[in-house]
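J.:
Numbering (the numbering used here), first residue to last: 27 to 423.
1) Residue 331 lies in the beta strand (DSSP E); which residues open and close that run?
2) Between the alpha carbons of residue 372 and residue 158, how many angstroms are there, rounded?
3) Please determine if the segment 128 to 138 and the segment 337 to 352 are in contact, where contact requires at least 3 C-beta pairs separated by less than 8 Å.
4) Using the rule of at least 16 other Cβ atoms within 10 Å of the residue's Cβ for burial, across every protein chain shown, is residue 117 buried or exposed?
5) Fully enclosed by the segment 210 to 261, which beta strand (DSSP E) runs are 3 residues long or longer?
6) Spell out the partners DSSP gives residue 20 in its beta bridges.
7) Exposed or buried, residue 225, counting other C-beta atoms within 10 Å across all chains shown (16 or more means buried)?
8) Skipping 5 residues on each side, what residues in its chain have a beta carbon closer than 7 Å to that of residue 123?
9) What's the gap between the Cα of residue 145 and the Cα of residue 257?
10) Just to confirm before moving on: does the CB-CB distance between residue 156 and residue 195 stay below 9 Å?
11) Between the Cα of residue 153 and those of 395, 388, 163 and 397, spot the shortest distance and give me the residue it belongs to.
12) Going by beta-carbon coordinates alone, are residue 313 and residue 304 separated by less than 9 Å?
13) Sort 349, 229, 289 and 240 by Cα distance to residue 398 and report the nearest one.
14) Helix, strand or coil for residue 147? Go by DSSP, reduced to three states.
15) Use the C-beta contact count for residue 236: other C-beta atoms within 10 angstroms, 16 or more gives buried, fewer gives exposed.
16) Taking the alpha-carbon of residue 183 as reference, which of 190, 231, 219 and 203 has the nearest alpha-carbon?
17) Whether or not the segment 197 to 216 and the segment 244 to 253 are in contact is what I'm after, with contact meaning three or more pairs of Cβ atoms, one per stretch, closer than 8 Å; do they touch?
18) Whose C-beta lies closer than 6 Å to the C-beta of residue 321 among residues of the same chain, with five residues either side of it excluded?
19) Among 221, 352, 114 and 356, which residue has its Cα nearest to the Cα of residue 396?
20) Quick check on the DSSP output: the alpha helix (DSSP H) that includes residue 346 runs from which residue to which?
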């Protein structure tokens, strides 16, 4: 055949090499997956294995929390409580057995219901005493129970919820008794003593009797934990003279609480299995990412007339409290925010007290501020907008 110049051969060779390299480069962009996984879309369009792994982690982070969590935190907590129940039954504390024997003969007072029910256009605050959570573990160094009880009274709280399990919430029944003793000294004053509620995962009537023996006037009944046993535990609480708040997290649990003749509903913005927030909050805006009508708290619309609604779970901003107030809620329960404020007392300067910061927050939440014109609670600390007077007034004391 005809002879080709050497230069042309070299050019063809180079072109062939480049074509092969280009083909290989194109394949490098394709995901390294099995034939089965190629049937659907994949986010892995990256150059390196490290980048692929990073994308995989990001993809998992976008999945529902229930799929990411390897353990059921509610079941874990319930297993912990079962051990406590077994110990209580094996060695009943003084007075507990007697209370159980007297079940059904003690009349329930409406102290908590009356404390939480205020005129339309106002909202009450229930601080929650805890320095641990099921998910986070210990999150702060708290003041003593008597100091917290005193300051919550001074701030104008309506009631106090005290955790009663050292492993789950930090505080115990003994701390509740200490807080109750502080409140008992307010008898004859105006306002009178704040009622105390035991916050725990109640699974057995002996826990209710134990809480009552420590001085609790009410308890929380977590419907996610109790399920169909909610009515049974509600009747036990009534028989022991305890008011109770039915903590619900979805419409099915709400119906179970209604069937148990619940009078005070705790609408909780947390999934008990994962402890994740149900209705997300924008960290920058310090507000829900959607209108309140689309949040978990819209469940309150289905609460029977004449009953009370308590908002629970990540309600830690003034505007959130005011929106809930305008939406028909009677009370907000606030735990971590107030506890963290109290923790910083040792680091406070000469012109600021962290205790008073917590009191200022309670007063700001209660103030008759406007959602339309009011600031975030962060702004109120700088003296801007409604609620600022209450906040700065307490901080400066």
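Positions of the beta carbon are idealized from the N, C-alpha and C atoms, including for glycine. Predicted model only: the values in this text are computed from it and were never measured.
T.: Judging by the given coordinates:
1) Note, residue 331: premise wrong, no beta strand (DSSP E); not H, not E.
2) Legend: pLDDT at residue 372 = 47, less than 50; position of this residue unreliable, value from coordinates given subsequently. Approximately 20 Å between the Cα atoms of the pair.
3) no
4) exposed
5) 222 to 225 and 244 to 248
6) Nothing in the structure corresponds to residue 20, since the chain is present only between 27 and 423.
7) buried
8) none
9) 30 Å
10) yes
11) 388
12) no
13) 349
14) coil
15) buried
16) 219
17) no
18) 305 and 314
19) 352
20) 344 to 352
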